[in-house]
Amino acid sequence: MSGCFRIRTYGCQMNVHDSDKVSNLLYHHRWREAPGEEEADLLVINTCSIREKAENQLYSDLGALRSWKHAAPARVLGVGGCVAQQEGDALLRRFPHLDFVFGTHNLTRVPAMVEAARGGGREARTEESRSLARFELPERHPDYPGPTPGRAFVTVMEGCDMFCSFCIVPRTRGREISRPAAGILAEVEDLAGRGVREITLLGQTVNAYGRHAARRERSANAGTLPFAALLWRLAGTPGIERIRYTSPHPLFFDDELIAAHGELAALCPHVHLPAQSGSDRILARMRRRYGAADFLRIAAALRRARPDIALTTDLIVGFPGETEADFRATLELVREVRFTDAFSFKYSPRPGTPATEDAAGAVPPECAQERLVELQTLQRELTLAAHRARVGSRTEVLLEGPSRRGATQLMGRDPYHRVVNLDAAEAGLEPSAGAGRLVAVEIVEATPHSLIGAPAWLRGDSPPEPSLKAFGG
Ligand code: SAM
Ligand code: SF4
Numbered sequence: 181m182s183g184c185f186r187i188r189t190y191g192c193q194m195n196v197h198d199s200d201k202v203s204n205l206l207y208h209h210r211w212r213e214a215p216g217e218e219e220a221d222l223l224v225i226n227t228c229s230i231r232e233k234a235e236n237q238l239y240s241d242l243g244a245l246r247s248w249k250h251a252a253p254a255r256v257l258g259v260g261g262c263v264a265q266q267e268g269d270a271l272l273r274r275f276p277h278l279d280f281v282f283g284t285h286n287l288t289r290v291p292a293m294v295e296a297a298r299g300g301g302r303e304a305r306t307e308e309s310r311s312l313a314r315f316e317l318p319e320r321h322p323d324y325p326g327p328t329p330g331r332a333f334v335t336v337m338e339g340c341d342m343f344c345s346f347c348i349v350p351r352t353r354g355r356e357i358s359r360p361a362a363g364i365l366a367e368v369e370d371l372a373g374r375g376v377r378e379i380t381l382l383g384q385t386v387n388a389y390g391r392h393a394a395r396r397e398r399s400a401n402a403g404t405l406p407f408a409a410l411l412w413r414l415a416g417t418p419g420i421e422r423i424r425y426t427s428p429h430p431l432f433f434d435d436e437l438i439a440a441h442g443e444l445a446a447l448c449p450h451v452h453l454p455a456q457s458g459s460d461r462i463l464a465r466m467r468r469r470y471g472a473a474d475f476l477r478i479a480a481a482l483r484r485a486r487p488d489i490a491l492t493t494d495l496i497v498g499f500p501g502e503t504e505a506d507f508r509a510t511l512e513l514v515r516e517v518r519f520t521d522a523f524s525f526k527y528s529p530r531p532g533t534p535a536t537e538d539a540a541g542a543v544p545p546e547c548a549q550e551r552l553v554e555l556q557t558l559q560r561e562l563t564l565a566a567h568r569a570r571v572g573s574r575t576e577v578l579l580e581g582p583s584r585r586g587a588t589q590l591m592g593r594d595p596y597h598r599v600v601n602l603d604a605a606e607a608g609l610e611p612s613a614g615a616g617r618l619v620a621v622e623i624v625e626a627t628p629h630s631l632i633g634a635p636a637w638l639r640g641d642s643p644p645e646p647s648l649k650a651f652g653g
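Numbering (our numbering), first residue to last: 181 to 653.
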């Protein structure tokens, strides 16, 4: 064994998945996961720079980790992800106790960089690549358990060519590139063989999958399919019961994708559809390439295809130039769509993005804060109402592990991506052993953040065995 490692991950699902890929690569190089950072010989921080606060987190972490590094001279400290891509070797100059820096296109270099660091080397690798080779990663190592039994993320595309005026992603993740369908299908088959029942397809604009190849008339070497066709193909993989995708962009919802939500049983009835704003003026300044009416049309079409679909979203308040009327338009959109949940953020200026140049339009921080509170208050009411409407209904929960609600509780997600908590003893499971199982439940209570379920067979009309399916052996 080479040693023990830990990875601290910040940011979106792409980062969570990148950390998973790095963990697997390290397992292939005889590294194993340490129980905690104090026991680790190698610590990797996978960073996020989507907002200033996330970026500052790295600087405070690195300051605090001086003592971790100096406690044992052989320890290795590395930084990856979006801040690494942005800052490169400036990080090495600023933090002498940092050993290596790897950008978002350089994950496969990590094992070699760690070895070099052990020999005293210090380097930053942040070259961008447009090669499909980055999708060629080793299969999951037999000893690597993966992050969550029963569920897995699968990368279908990387990068982003949309250049929304507020967003740093095209600068940290590079140009949009779609993975050949053959590799995606093979990975999903492999995952299904290891007991995975739920897959989430990942991409910054995931439903734009294959669009550049489509423009080149699906050139033979690109090997992509239209996104809806990819979903249909994946749904045919034996063992895959749930398919999700995130994040789609409103611009790329075609009729086939909308229809798939009504026709494809494995496609979960939940779409995370980022709106960002309800004001056409602000959407234009954001360079989102749709208006509020387009967004409402897509939401309505999805509901026609799948009436019970849960829609969630991302929203930004305090974007430069946002007036009170623009903000009211966002509240109006939220009321009209009745999102089940939303991530809402105050606009954060990001280096090199066009929106930062609009200093004259800057919204005072107190005003942005007030808007955020008002928006979140509205969304909390809508979320609670959506949760209450579920009480008395039946659903199926894929368990993820112990719940935050207490040592005797388990948590999982239903097909609508809602968190459902249930009593482990009622489900006949140990709180530490439930992950990866599917349990049929009845929703018995709604809270603002989650649902409470009771195993359905306890209601007397469904026997325990068929309603409890164990995954992964
Ligand atoms: N690709 C997704 C899309 O097109 O909506 C979004 C990906 S981004 C990682 C996640 C969310 O962060 C965005 O939807 C947006 O709401 C938020 N975000 C991005 N840049 C931001 C900024 N400069 N300030 C505040 N929020 C931001
Ligand atoms: Fe950022 Fe816009 Fe690309 Fe989403 S679509 S990642 S918000 S640039």
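Backbone N, C-alpha and C fix where the C-beta goes; we use that ideal spot for every residue, glycine too.
The three-state reading of DSSP puts Q589 in strand, counting E and B together. Inter-residue distance for C344 and R353 is about 14 Å (C-alpha atoms, whole angstroms). For Q265, the CB stays at least 7 Å from every heavy atom of the ligand SAM. Look at T493: its beta carbon is at least 7 Å from all of the heavy atoms in the ligand SF4. Short note on P534: C-beta not closer than 7 Å to any heavy atom of the ligand SF4. Listed in chain order, the beta strand (DSSP E) runs fully inside the region 405 to 459 are 422 to 426, 450 to 452, counting runs of at least 3 residues. G299 and V256 have their C-alpha atoms roughly 10 Å apart. Contact check for G326 and A362: beta-carbon distance about 22 Å, past the 8 Å limit, so the pair fails to qualify. Residue pairing by DSSP puts R186 in a beta bridge opposite L223.
A distance below 6 Å between beta-carbons, with the five flanking residues on each side excluded, links D434 to no residue of its chain.
In the structure shown, L317 adopts coil according to DSSP, grouped into three states. Pairwise C-beta distances place the region 542 to 556 in contact with the region 483 to 499, as three or more of them are shorter than 8 Å.
By the criterion of at least three beta-carbon pairs nearer than 8 Å, the region 570 to 582 is not in contact with the region 315 to 326. Per DSSP, L278 is not a residue of any alpha helix (DSSP H), being assigned neither H nor E.
In this structure, the CA atom of D506 is about 8 Å from the CA atom of D460.
Distances taken from the Cβ of F525 to the heavy atoms of the ligand SAM include one shorter than 7 Å. As DSSP reads the structure, L245 sits in no beta bridge.
Distances taken from the Cβ of F475 to the heavy atoms of the ligand SF4 include none shorter than 7 Å. Here the alpha carbon of P418 sits roughly 17 Å from the alpha carbon of G616.
Between the alpha carbons of A264 and Y239 lies a gap of roughly 11 Å.
Excluding residues up to 5 positions away in sequence, R246, K249 lie with their Cβ nearer than 6 Å to the Cβ of H277 in the same chain. When distances are taken from the beta-carbon of Q193 to the heavy atoms of the ligand SF4, even the shortest one reaches 7 Å or more. Around the C-beta of T426, 16 or more other C-beta atoms lie within 10 Å, and the residue is accordingly described as buried. With a 10 Å radius around the Cβ and a threshold of 16 neighbouring Cβ atoms, A539 comes out exposed. Secondary structure remark: continuous alpha helix (DSSP H) runs of at least 4 residues inside the region 284 to 352, in chain order: 290 to 298. Collapsing the DSSP output to three states places G532 in coil. With at least 16 other beta carbons inside 10 angstroms of its own, A479 counts as buried. For V619, the enclosing beta strand (DSSP E) starts and ends at 618 to 626. Taking C-beta atoms as the reference points, C184 and D221 count as a pair closer than 8 Å.
DSSP places F519 in the coil class of the three-state scheme, outside both helix and strand. Note that the C-beta distance between A415 and L381 is not below 8 Å. D494 sits in a strand when the DSSP states are folded into three classes.
DSSP lists M591, I632 as the bridge partner or partners of N601. Closer than 7 Å to some heavy atom of the ligand SF4: that describes the Cβ of V349. In the structure shown, the three-state DSSP call for I478 is helix.
The Cβ atoms of F519 and L491 lie closer than 8 Å to each other.
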